[in-house]
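**Student:** Letter by letter, the sequence shown follows residues 399 to 528 of my numbering.
Can you read through this structure? Questions will come right after.
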Amino acid sequence: MPQGYRRTADDQRVFYVSPDGAFRIGIKSTPPVAGGPPAAMKASDTAGPDTNPGYRDNTVVRTTHNGLPAALWEFTWNGFTAAEGPRHTFDLCWDENGGMYDVWVSAPVGRLGEARSHFDAALDSFVPPA
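Okay, here's the thing in C-alpha cells:
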C-alpha cells in the first residue's frame with residue numbers, strides 16, 4: 399500500500415486510508431457465491447442506493463483479472479458527509495484459490511486519475527492466499 403496509509407480492519411474487510419483521508423482502499427475475502435463475481439457485483443449494485451448516499455453513474459461489467467473471470471463495478475456517490483463531497487468507486491471482484499476477492503478504491507471525483515493509479519497498484523500487488 400502507499401506509504402503513510404492507515405490500516406484498519408473489521409470482520410470481513412481490510413481498509414487502507416490515505417493520510418489526508420481522500421483515498422480509501424478496501425480488500426474483502428468471502429466464500430464464492432452462486433453466479434460468481436458478476437452476481438456478487440450485481441447484488442452490490444442493486445443495494446447501492448441503500449449503502450451509498452446519492453448513488454449514480456453505476457455500471458457492472460464482466461471482465462478478467464489475472465486471466466480469471468471477474469466483474470468491475472463503478473459508481474459515483476455523494477460521500478458520507480457534505481464535507482467529504484462527491485466520490486467515485488472502482489471495485490473489482492474475482493474468484494481465485496477457492497475464495498472470492500473484492501478490491502476497491504474510493505476517492506474524490508476530482509482525483510480520479512490518482513484513484514485509478516491506486517486501484518491498479520492495489521490489484522497488481524494483491525496476492526490471495528494459496
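All C-beta atoms, glycine included, are put in the ideal place defined by N, C-alpha and C.
What you are looking at is a predicted structure, and each value in this text was computed from that prediction instead of being measured.
#1: For a cutoff of 8 Å on Cβ pairs, would you count Pro527 as touching chain C?
#2: With Arg422 and Ser523 assumed to form a contact (beta carbons below 8 Å), what rounded beta-carbon distance in angstroms separates them?
#3: Can you check the segment 419-448 for any alpha helix (DSSP H) of at least 4 residues that lies completely inside it and give the ranges in chain order?
#4: With distances taken between CB atoms, is the gap from Val415 to Met498 smaller than 8 Å?
#5: Mind checking who Glu494 pairs with in its DSSP beta bridge?
#6: Since His463 sits in a beta bridge, which residues does DSSP pair it with?
#7: Helix, strand or coil: which one does DSSP assign to Ser523?
#8: Return helix, strand or coil for Phe478, following the three-state DSSP convention.
#9: Do Asn495 and Trp475 count as a contact pair if the criterion is CB distance below 8 Å?
#10: May I ask you to report which of helix, strand or coil DSSP gives Ser416?
#11: Following the continuous beta strand (DSSP E) through Arg405, name the residue where it begins and the one where it ends.
**Tutor:** In brief:
#1: No chain C is present in this structure, which holds just one protein chain.
#2: Taking the first residue of the sequence shown as position 1, residue 422 is located at position 24. Taking the first residue of the sequence shown as position 1, residue 523 is located at position 125. With a Cβ gap of about 16 Å, Arg422 and Ser523 do not count as contacting.
#3: The segment 419-448 contains no whole alpha helix (DSSP H) run of 4 or more residues.
#4: Here residue 415 refers to the residue found at position 17 when the sequence shown is read from its first residue. Here residue 498 refers to the residue found at position 100 when the sequence shown is read from its first residue. No, the pair does not count as a contact, with Cβ atoms beyond the cut-off.
#5: Locating residue 494 in the sequence shown gives position 96, where the first residue counts as 1. DSSP output for Glu494 lists Gly497 as bridge partner(s).
#6: Numbered from its first residue, the sequence shown carries residue 463 at position 65. His463 has Leu466 as its beta-bridge partners, per DSSP.
#7: Counting from 1 along the sequence shown, the entry for residue 523 is found at position 125. Of the three classes helix, strand and coil, the one that applies to Ser523 here is helix, per DSSP.
#8: Within the sequence shown, numbered from 1, the residue matching residue 478 stands at position 80. Of the three classes helix, strand and coil, the one that applies to Phe478 here is coil, per DSSP.
#9: Here residue 475 is taken as the residue at index 77 of the sequence shown, counted from 1. Here residue 495 is taken as the residue at index 97 of the sequence shown, counted from 1. Cβ atoms of Trp475 and Asn495: not closer than 8 Å.
#10: Taking the sequence shown and counting its residues from 1, one reaches residue 416 at position 18. Collapsing the DSSP output to three states places Ser416 in coil.
#11: As a working mapping, residue 405 is identified with position 7 in the sequence shown. According to the DSSP assignment, Arg405 belongs to the beta strand (DSSP E) that extends over 404-407.
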